[in-house]
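Undergrad:
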Amino acid sequence: MICYLINLERTPERLAHFMAQVEGHNLEVARVEAVDGLALSAAEIRQWQERSTVWSPLSSAEIGCFLSHREAWSMVVERGEPWAFIAEDDIHLSDDFGDFLNNADWLPADAALVKAETSFARIEMSMKGCRKARMHRMCRLASDHTGSGGYFVSRTGAEVLLRLADTVCEPVDRFLFSPDLPAAQALRPYQLDPALCTQDCYLTAQGLGLGLKGNIPWGGGPATATREPKRTGTAKLRHEVLRPLLQLAALRRRLCRGAFRKSITKAVRIRIGGKLLSGKRRSTGLMARCRSLIMITNTAV
């Protein structure tokens with residue numbers, strides 16, 4: 000299985016961080032040149048913002064991250080391998096990640112997208128159809144789960160993602176895993192538990208990470224990837240028309256999930272350095288700041 004690693008050319012330290020973890024595991028890594036959000040023109044930014052359903056317009060950082068993952072999906076389809084692992088360069092890998100990345104025999108026939116990451120947030124997973132994968136459990140993801148740092152995608156799944164990405168642009172983790180959006184509805188992603196990876200900011204929030212520097216500083220100033228002003232004109236009208244319809248559809252799906260499907264709500268853990276980490280020390284404030292950091296620095300400014 001090929002690992003497609005998303006990395007900006009100007010962040011070799013993050014590339015080195017990832018490569019040091021996979022050294023000696025006989026893993027083929029294909030580097031994906033990340034799209035620099037700061038290099039996008041105002042016209043390009045507006046073009047992609049028009050395709051989003053979120054209330055506040057996407058930042059250049061979020062757009063760059065989305066386009067970087069889209070490039071990775073394109074490479075998966077072009078190479079034609081049955082399965083691939085998509086990784087961002089700031090993730091920490093679990094002790095047993097090699098058992099999963101070196102072959103795909105653990106993947107069920109009905110899978111097309113498998114989230115291998117944890118943000119240590121409490122998420123909902125369906126108990127129907129859960130199965131074992133090595134010493135882990137795989138369950139259908141039934142809620143949002145922040146992060147796009149590591150996931151498995153089949154060639155067929157990548158084709159679906161590319162087709163959907165032609166018409167929409169969202170924060171990429173929401174695009175992939177939100178049960179209220181078309182990708183997750185079509186691909187019905189699994190969640191690995193325990194996880195195989197987590198992003199550095201989540202471990203840093205617990206005092207365990209490396210504190211990898213983002214590509215855009217926090218705070219004000221022209222270099223900061225803050226969100227652009229709210230929509231106006233036709234963009235605002237389009238969003239206002241779509242928003243209640245999307246909210247109604249989301250409510251209907253949540254009610255159906257609650258009525259007809261048993262589920263479990265928990266924080267997914269990960270084993271690193273012999274320790275099973277659960278994220279219990281993470282506070283709400285730290286989680287919010289980490290979510291903001293991912294938004295502005297998630298591999299592609």
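Numbering of the sequence shown is given in numbering that gives the first Met the number 0, commencing with residue 0 and proceeding in unit increments.
C-beta: ideal position from N, C-alpha, C; glycine also.
#1: Given this structure, state the Cα-to-Cα distance separating I122 from K274, to the nearest angstrom.
#2: The alpha helix (DSSP H) with Q78 in it runs from where to where?
#3: What residue range does the beta strand (DSSP E) around H91 cover?
#4: When DSSP builds the beta bridges, which residues end up paired with R45?
#5: Can you tell me which of the three DSSP states A83 falls into?
#6: Which runs of the beta strand (DSSP E) at least 3 residues long sit entirely within the segment 138-224? Give them in chain order.
#7: Looking at A182 and L175, is the spacing between their C-beta atoms short of 8 Å?
#8: Spatial neighbours of A115 within its chain, please: CB distance less than 7 Å, with the 5 preceding and 5 following residues excluded, ordered by chain position.
#9: Kindly identify the DSSP beta-bridge partner or partners of L4.
#10: If you run the structure through DSSP and keep just helix, strand and coil, what is R130?
#11: I'd like to know whether the C-beta atoms of W47 and L161 end up nearer to each other than 8 Å.
#12: Between which residues of its own chain and I293 is the CB-CB distance below 6 Å, once the five residues before and five after are set aside?
#13: Residues in its own chain within less than 7 Å of G79 by CB, not counting five upstream and five downstream?
#14: Where DSSP assigns a beta bridge to T303, which residues make up the other side?
#15: Near G156, what residues of its chain come up, given a Cβ to Cβ distance below 7 Å and the 5 sequence neighbours on each side ignored?
#16: Below 8 Å CB to CB, which residues in the same chain sit around I90 once its five sequence neighbours on both sides are set aside?
#17: Check each candidate in D94, Q20 and D104 and name the one with the smallest Cα separation from P81.
#18: Less than 8 Å between the CB atoms is what I'm expecting for I263 and M124, so what's the real figure, rounded?
#19: Hey, how far is the Cα of G220 from the Cα of G36?
#20: Within 10 angstroms of the Cβ of R130, are there 16 or more other Cβ atoms? Answer buried if so, exposed if not.
TA: If we stick to the structure as given:
#1: One-based indexing of the sequence shown puts residue 122 at position 123. One-based indexing of the sequence shown puts residue 274 at position 275. Their Cα atoms are separated by approximately 21 Å.
#2: For this step, residue 78 is matched to residue 79 along the sequence shown. The sequence given here places Arg at residue 78; Gln does not occur at that position. That run of the alpha helix (DSSP H) goes S59 to R78.
#3: In the sequence shown, counting from the first residue as 1, residue 91 sits at position 92. It spans I90 to L92 - the beta strand (DSSP E) in which H91 sits, taken as one unbroken run.
#4: Here residue 45 is taken as the residue at index 46 of the sequence shown, counted from 1. Here R45 is not bridged, per DSSP, to any residue.
#5: By 1-based counting over the sequence shown, the position of residue 83 is 84. Three-state DSSP puts A83 in a strand.
#6: 149-153, 189-192 and 196-198
#7: One-based indexing of the sequence shown puts residue 175 at position 176. One-based indexing of the sequence shown puts residue 182 at position 183. Yes; because the gap between Cβ atoms is below 8 Å, this pair is in contact.
#8: In the sequence shown, residue 115 corresponds to position 116, counting from 1. Cβ neighbours of A115 beyond the five flanking positions: G149, Y150, F151, L191, A194, L195 and C196.
#9: Locating residue 4 in the sequence shown gives position 5, where the first residue counts as 1. In the DSSP assignment, the residues bridged to L4 are R30 and A86.
#10: Counting from one through the sequence shown, the residue named residue 130 turns up at place 131. In this structure, R130 counts as strand in the three-state DSSP scheme.
#11: One-based indexing of the sequence shown puts residue 47 at position 48. One-based indexing of the sequence shown puts residue 161 at position 162. Taking 8 Å as the Cβ cut-off, W47 and L161 do not qualify as a contacting pair.
#12: Residue mapping note: residue 293 aligns to position 294 of the sequence shown, counting from 1. Note that I293 scores a pLDDT of 46, beneath 50, so its modelled location is shaky and nothing firm can be said.
#13: By one-based count along the sequence shown, residue 79 stands at place 80. So the qualifying residues of the chain are R154.
#14: Here the chain has residues from 0 to 300 only, and residue 303 is not among them.
#15: As a position in the sequence shown, residue 156 is number 157, starting the count at 1. A111, L112 and L186, listed in sequence order.
#16: Indexing the sequence shown from 1 puts residue 90 at position 91. The residues are F17, E116, G148, G149, C196, T197, Q198 and D199.
#17: As a position in the sequence shown, residue 81 is number 82, starting the count at 1. Cα-wise, what sits closest to P81 is D104.
#18: In the sequence shown, counting from the first residue as 1, residue 263 sits at position 264. In the sequence shown, counting from the first residue as 1, residue 124 sits at position 125. Going by Cβ atoms, the distance from I263 to M124 rounds to 6 Å, so yes, they are a contact pair.
#19: The count along the sequence shown starts at 1 and reaches residue 220 at position 221. The count along the sequence shown starts at 1 and reaches residue 36 at position 37. With a pLDDT of only 30 at G220, under the threshold of 50, the placement of this residue in the model should not be trusted, and no figure is reported.
#20: Stepping through the sequence shown from its first residue, residue 130 is reached at position 131. So R130 counts as exposed.
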